[in-house]
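Working notes for the structure below.
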Amino acid sequence: MERIVDKMKCCLEHIELAMEMYIDEHEEAPILEMLPEEEKLSTPCEFCKEAAIYMVGN
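Residue 295 is where the sequence shown ends in the numbering used here, and the numbering goes up by one at each step.
Structure, rendered in structure tokens:
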């Protein structure tokens, strides 16, 4: 099954990977937003489970 990438939460280390995955799927640049402070501590990175800092998507 093919994964459709719409939005991903990621840490600083994996921001480039998340952006590349989004661009490969949608053939356009994603919107990059910092997560609000209250979400940063409780939201894990989708690649390594460290605290997410960014939301990559549309």
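Cβ atoms here follow ideal geometry from the backbone N, Cα and C, with glycine treated the same way.
Values in this document were obtained by computation on a predicted structure and should not be read as measured data.
Rounded separation between residue i and residue j - CA only
| i | j | result |
| --- | --- | --- |
| MET238 | CYS248 | Confidence is the limiting factor: at MET238 the pLDDT is only 42, short of 50, which leaves the residue's position unreliable and the question unanswerable from this model. |
| GLU257 | GLU287 | 19 Å |
| LEU278 | ALA266 | 27 Å |
In DSSP terms, what residue i is bridged to
| i | result |
| --- | --- |
| LEU278 | Bridge partners of LEU278: none, in fact. |
| TYR259 | The partner list for TYR259 (beta bridge, DSSP) is empty, contrary to what the question assumes. |
Close-in-space but distant-in-sequence residues of the same chain around residue i (CB under 8 Å, 5 per side omitted)
| i | result |
| --- | --- |
| PRO281 | LYS246, GLU287, ALA288 and ALA289 |
| LEU272 | LYS246, THR280, ALA289, ILE290, TYR291 and MET292 |
Proximity of residue i and residue j at Cβ, strictly below 7 Å
| i | j | result |
| --- | --- | --- |
| ILE260 | ASN295 | no |
| HIS251 | PHE284 | yes |
Same chain only: Cβ atoms within 7 Å of residue i, ignoring 5 sequence neighbours per side
| i | result |
| --- | --- |
| GLU276 | none |
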